[in-house]
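Peer 1: Supplied in structure tokens, the structure appears directly below.
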Amino acid sequence: MRPATTGVQGRTRASMVLCRTRTGITDLARPGPSFGRRHVEPTPVSDREFVMSVPADSVQTPPVRPCPNCGRDWGQGLACQFCRQVAGLPQGVPLATPALRFGEYLLEGVLIVVTLVIGWLIWSLFAFANGQTPAKQVLGMRCVKLRTEQTATWGTMFLREAIAKPVIGLLAWVTFGIVYFWLLWDRNTQQLWDKMVDTIVVKDPQDAMRPAEQKSDAEDWASTAGSPAGE
5 MRPATTGVQG
15 RTRASMVLCR
25 TRTGITDLAR
35 PGPSFGRRHV
45 EPTPVSDREF
55 VMSVPADSVQ
65 TPPVRPCPNC
75 GRDWGQGLAC
85 QFCRQVAGLP
95 QGVPLATPAL
105 RFGEYLLEGV
115 LIVVTLVIGW
125 LIWSLFAFAN
135 GQTPAKQVLG
145 MRCVKLRTEQ
155 TATWGTMFLR
165 EAIAKPVIGL
175 LAWVTFGIVY
185 FWLLWDRNTQ
195 QLWDKMVDTI
205 VVKDPQDAMR
215 PAEQKSDAED
225 WASTAGSPAG
235 E
């Protein structure tokens, strides 16, 4: 006597049907949730089909801000990304490069030794009035107040050299001198003592930022920057 067929086996056999196609080829339909229907695999859709194309005319690019010194795109910073011309200062007064700044530190030390310190101190008392130190004066560099866009005053230079620098020097002992390289990753090439007194260092070989001359030169720069490009 044959054992009775279980319910599961019965349903499986009942769902297997033989379907004849138009070409006469037979195919065995797979068992599925619906009787007599062929199982269809879902078609994968590429992610590219969901990317919405944006017309080129609708994409707005930021307007180009020409540099009044070199004529190329200024960029987004305080200084031109190509010639390093500082905004609001006379033409030909760029932001000092890190290499020039480190060279100034080296020359400052040499001058201190050569002048037996006392000569450097006396020299500094006169150079501070023009926003300079002895080494900056030799190399044609100058400190400028970032907020006012004017040459740093004697008082600002005294705070920078006599107070801010020694404080950062103490911090350098704790950080193994790393703070002296701060200007390498600062967007305005500022040292920490520059940030304490709000100054930047520029290259001014033509003395365009001398206190007696900087007002008229700044007005000339402003008129040039405000004129339409190409004039």
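Sequential numbering from 5 applies to the sequence shown in the working numbering. Glycine included, each C-beta is placed from N, C-alpha and C at the ideal position. This structure is a prediction, so every number in the text was calculated from the model and none was measured.
Below 8 angstroms on the Cβ atoms is my guess for G135 versus R146; work out the distance and round it to an integer in Å.
Peer 2: Between R146 and G135 the Cβ distance is about 5 angstroms, and since that is below 8 angstroms, they are a contact.
Peer 1: Rounded to the nearest angstrom, what separates L111 and L143 at their Cα positions?
Peer 2: Taking the straight line from one Cα to the other gives about 9 angstroms.
Peer 1: Taking Cβ to Cβ, would you say V90 is nearer than 8 angstroms to L104?
Peer 2: Contact flag unset, no.
Peer 1: Among P67, P72 and V97, which residue has its Cα nearest to the Cα of Q154?
Peer 2: Comparing Cα positions, the closest option is V97.
Peer 1: Start and end of the beta strand (DSSP E) containing T203?
Peer 2: Note, T203: beta strand (DSSP E), T203 to K207.
Peer 1: If you draw a straight line from the alpha carbon of I182 to that of L175, how long is it in whole angstroms?
Peer 2: Answer to the nearest angstrom: the Cα atoms are 9 angstroms apart.
Peer 1: According to DSSP, which residues form a beta bridge with T179?
Peer 2: None, per the DSSP bridge assignment.
Peer 1: Looking only at its own chain, which residues have a Cβ that is under 8 angstroms from the Cβ of V201, when we skip the five neighbours before and after it?
Peer 2: Excluding positions up to five away in sequence, the list reads A156, T160, L163, R164 and A168.
Peer 1: Can you tell me whether L111 sits near the ligand ZN, meaning its C-beta is under 7 angstroms from at least one heavy atom of the ligand?
Peer 2: What this structure holds is no ligand at all, so the ligand ZN is not there to describe.
Peer 1: Whole angstroms are fine: how far does the CA of I116 sit from the CA of W124?
Peer 2: Roughly 6 angstroms between the two C-alpha positions.
Peer 1: For D198 and I204, which I take to be in contact (beta-carbon distance under 8 angstroms), what is that distance rounded to the nearest angstrom?
Peer 2: Between I204 and D198 the Cβ distance is about 6 angstroms, and since that is below 8 angstroms, they are a contact.
Peer 1: Does the distance from the CB of T193 to the CB of P72 come in under 8 angstroms?
Peer 2: No, Cβ-Cβ distance for T193 and P72 is not below 8 angstroms.
Peer 1: So R88 and D77 are supposed to be a Cβ contact under 8 angstroms. How far apart are they, rounded?
Peer 2: The pair is not a contact, with the Cβ atoms about 14 angstroms apart (cut-off 8 angstroms).
Peer 1: Classify P72 as helix, strand or coil using the three-state DSSP reduction.
Peer 2: DSSP places P72 in coil when its eight states are reduced to three.
Peer 1: Whole angstroms is fine: what's the gap from G81's alpha carbon to W127's?
Peer 2: The alpha-carbon atoms of G81 and W127 are separated by roughly 34 angstroms.
Peer 1: For the alpha helix (DSSP H) containing V121, list its first residue and its last residue.
Peer 2: First-last for V121: undefined, no H or E at that position.
Peer 1: Apart from the five residues just before and just after L139, which ones in its own chain have a Cβ nearer than 7 angstroms to its Cβ?
Peer 2: Inspection of the sequence shows that residue 139 is occupied by Ala rather than by Leu. Excluding residues within five positions, the ones whose Cβ falls inside 7 angstroms are E108, L111, E112 and L115.
Peer 1: Relative to the C-alpha of R214, which candidate in A133, W177, I122 and G173 has its C-alpha closest?
Peer 2: Among A133, W177, I122 and G173, the Cα nearest to that of R214 is on A133.
Peer 1: Measuring only the C-alpha atoms, how far is T179 from W186?
Peer 2: For T179 and W186, the distance between alpha carbons rounds to 12 angstroms.
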